[in-house]
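I have placed the structure first, in the form of structure tokens, so that the comments after it can refer back to it.
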RNA sequence: GCGCCCGUAGCUCAACUGGAUAGAGCAUCAGACUUCGGAUCUGAGGGUUGGGGGUUCGACUCCCUCCGGGCGCACCA
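In the working numbering, the protein residues as written are 3 to 546.
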């Protein structure tokens with residue numbers, strides 16, 4: 003429809019010999035009574051053409067010659083908007099198409115042929131996932147889903163550092179706990195991992211190997227066992243949120259293949275590397291950074307930055323058209339160096355999109371629940387899922403923009419009532435299922451031709467139809483902007499629209515043709531809810 | 001001190017990326033089916049969009065400045 007209108011408007015501009023000044027754009031008016039689609043083209047072009055916006059708009063309208071089976075009316079409004087109101091026949095056709103498309107309704111191929119990688123979570127296996135990781139996990143997975151819905155070939159990747167200091171300290175933590183179990187009294191340092199899970203791992207090693215590991219170095223069995231066990235836990239947690247990665251990539255591989263040394267060599271060739279105070283530095287100051295950064299410490303060990311650069315270079319080599327990096331606000335400072343280095347290595351960094359989500363605060367009865375790793379009241383992602391369920395966790399993480407701090411209200415999340423937005427949505431779905439059961443069976447796959455949609459004339463019906471038909475456009479725009487929260491918002495509208503319709507209109511009645519049409523509308527609403535739930539990754543219960 | 005994010009109704013947040021009268025949920029108050037799920041629906045009150053300037057036909061949105069909060073600013077990741 004937009005495309006059709008755009009062609010007509012551009013033609014109208016041409017006929018009166020005026021330059022549109024910029025691409026003609028349309029949007030759905032926020033306000034009732036402003037039609038179904040509106041364009042500000044006349045206002046945008048008026049200035050340059052030296053014309054009054056309203057007069058220009060009127061001239062354009064006169065030259066549109068629209069198909070009356072698509073557009074019922076066109077009017078000039080406000081300061082010079084042109085509002086289009088669609089013909090009923092157009093809606094009816096669209097509704098029929100919706101029902102026929104079914105589970106595929108909302109899918110598009112705008113991303114066809116594009117290979118996208120979404121990298122997210124990427125937490126090092128040093129402990130259980132936190133609530134903060136959870137936000138990134140759910141967000142990343144949903145971005146991936148939206149891109150899949152728009153036809154992109156998507157790969158979810160989890161990258162982790164298993165070569166550095168962190169993992170060494172982890173191994174040593176397990177070693178010390180192990181020795182404690184053997185009666186050792188060596189003090190346990192503050193900078194080591196304090197959690198109970200470390201003791202569990204130590205116990206498992208004791209059970210498996212007895213006392214034979216007394217002289218084992220931290221980086222041997224201890225680190226190995228810790229990585230294995232913790233990773234298994236992380237994957238289990240992710241699995242319970244229905245998140246699965248197509249690929250896990252780790253730092254060690256980069257070393258094994260000489261990629262880290264090679265990237266230093268390449269940067270050195272560009273004159274971007276120098277040595278000072280026993281360390282190797284990257285001239286990030288020459289790349290737009292504030293000051294130079296160390297890439298290899300005086301101990302000979304690289305900083306995280308270096309393998310990160312090598313890792314991203316590998317991403318480019320793997321041929322992705324778009325690489326999306328998702329991480330928390332605590333990592334904001336890390337990516338500019340990596341991107342600057344990649345640019346210096348002559349990669350097109352516009353293909354990398356960095357999405358940063360702000361922190362999560364858990365509140366309970368108005369009080370903030372602290373989430374320090376040291377404290378006892380530490381809440382892991384796993385515990386949160388146990389507490390409120392996967393659907394609620396996913397939905398709560400998705401219902402806000404990532405740029406704003408997320409307040410996760412535990413009390414609200416736990417409530418299985420009308421206060422909880424997740425239940426409002428799922429209730430609408432369950433209710434539709436119930437109505438369809440009552441109405442007796444499903445309208446078959448050919449339901450599109452099986453009813454007379456023109457019988458749907460009630461205001462609540464029209465409103466519901468219009469709301470449902472926005473879905474494909476919504477998916478598309480949310481996918482391209484990486485903004486799943488707008489889908490969450492939209493689905494609330496769908497549910498509201500449906501509930502209103504339910505209260506206004508009796509679905510199953512003596513009037514068979516009308517019943518058939520309304521059943522079809524229910525079917526359509528359920529399709530949109532289901533598909534929307536699928537994108538957000540929440541369940542579509544038939545009963546609650 | 002510097003960088004990034006945020007500040008919108010009592011609370012939690014939207015606002016289609018610069019559009020028309022700033023919208024939802026919760027909370028508060030007042031109402032609604034003898035038939036399809038009341039976990040629902042209808043209505044009311046509630047705002048100088050943190051303050052001040054600027055850009056333009058038009059600003060919650062962009063720019064400057066100030067105030068307040070969060071996160072960073074390592075030879076940790």
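Built from N, CA and C at the ideal position, the CB exists for glycine as well.
If you're wondering where the values come from, they're calculated on a predicted model, not measured in any experiment.
{"Check": "Euclidean distance between Cα positions of residue 187 and residue 203", "Outcome": "18 Å"}
{"Check": "Of the residues 515, 517, 476, 487, the one placed nearest residue 107, counting alpha carbons only", "Outcome": "476"}
{"Check": "Alpha-carbon to alpha-carbon, residue 70 and residue 411", "Outcome": "51 Å"}
{"Check": "Alpha-carbon to alpha-carbon, residue 488 and residue 535", "Outcome": "13 Å"}
{"Check": "Unbroken beta strand (DSSP E) run spanning residue 303, endpoints", "Outcome": "Residue 303 -> no beta strand (DSSP E), and no H or E assigned at all."}
{"Check": "contact_flag[the region 204-223, the region 128-138] where n(CB pairs < 8 Å) is 3 or more", "Outcome": "no"}
{"Check": "Residue 435 beta carbon near the ligand GDP (any heavy atom closer than 7 Å)", "Outcome": "What this structure holds is no ligand at all, so the ligand GDP is not there to describe."}
{"Check": "Strand pairing of residue 359, partner residues [DSSP]", "Outcome": "330"}
{"Check": "8 Å Cβ cutoff met for residue 157 and residue 119", "Outcome": "yes"}
{"Check": "Within 8 Å, strictly: CB atoms of residue 325 and residue 229", "Outcome": "no"}
{"Check": "Assigned secondary structure, residue 93 (DSSP; H/G/I helix, E/B strand, else coil)", "Outcome": "helix"}
{"Check": "Backbone CA spacing between residue 336 and residue 492 [nearest angstrom]", "Outcome": "34 Å"}
{"Check": "CB of residue 344 within 8 Å of CB of residue 355, strictly", "Outcome": "no"}
{"Check": "Those runs of the beta strand (DSSP E) which lie wholly inside the region 241-271 and span at least 3 residues", "Outcome": "249-252"}
{"Check": "Sequence ranges, alpha helix (DSSP H) only - wholly within the region 132-169, length at least 4", "Outcome": "133-151"}
{"Check": "Same chain, Cβ closer than 8 Å to residue 419, five either side skipped, listed in chain order", "Outcome": "425"}
{"Check": "Close Cβ partners of residue 252 (< 6 Å) along its chain, the five nearest in sequence each way excluded", "Outcome": "162, 164"}
{"Check": "3-residue-minimum beta strand (DSSP E) runs that sit fully inside the region 379-446, ordered along the chain", "Outcome": "408-411"}
{"Check": "Cβ neighbour criterion (16 or more within 10 Å) applied to residue 403", "Outcome": "exposed"}
{"Check": "Extent of the continuous alpha helix (DSSP H) to which residue 514 belongs", "Outcome": "514-538"}
{"Check": "Nearest-angstrom Cα separation, counted from residue 387 out to residue 393", "Outcome": "9 Å"}
{"Check": "Host beta strand (DSSP E) of residue 39 (start-end)", "Outcome": "39-41"}
{"Check": "N- and C-terminal bounds of the beta strand (DSSP E) containing residue 88", "Outcome": "83-88"}
{"Check": "Range covered by the alpha helix (DSSP H) that runs through residue 63", "Outcome": "55-64"}
{"Check": "Top-ranked residue by Cα proximity to residue 24, from 532, 49, 6", "Outcome": "49"}
{"Check": "C-beta contact flag for residue 265 and residue 312 at 8 Å", "Outcome": "yes"}
{"Check": "Of the listed residues 139, 514, 469, nearest to residue 528 (C-alpha basis)", "Outcome": "469"}
{"Check": "Cβ-Cβ distance between residue 522 and residue 472 below 8 Å", "Outcome": "no"}
{"Check": "Whole-Å CB distance - residue 462 paired with residue 503, under 8 Å assumed", "Outcome": "4 Å"}
{"Check": "Neighbourhood of residue 167 by C-beta distance below 8 Å, restricted to the same chain and skipping five residues each side", "Outcome": "303"}
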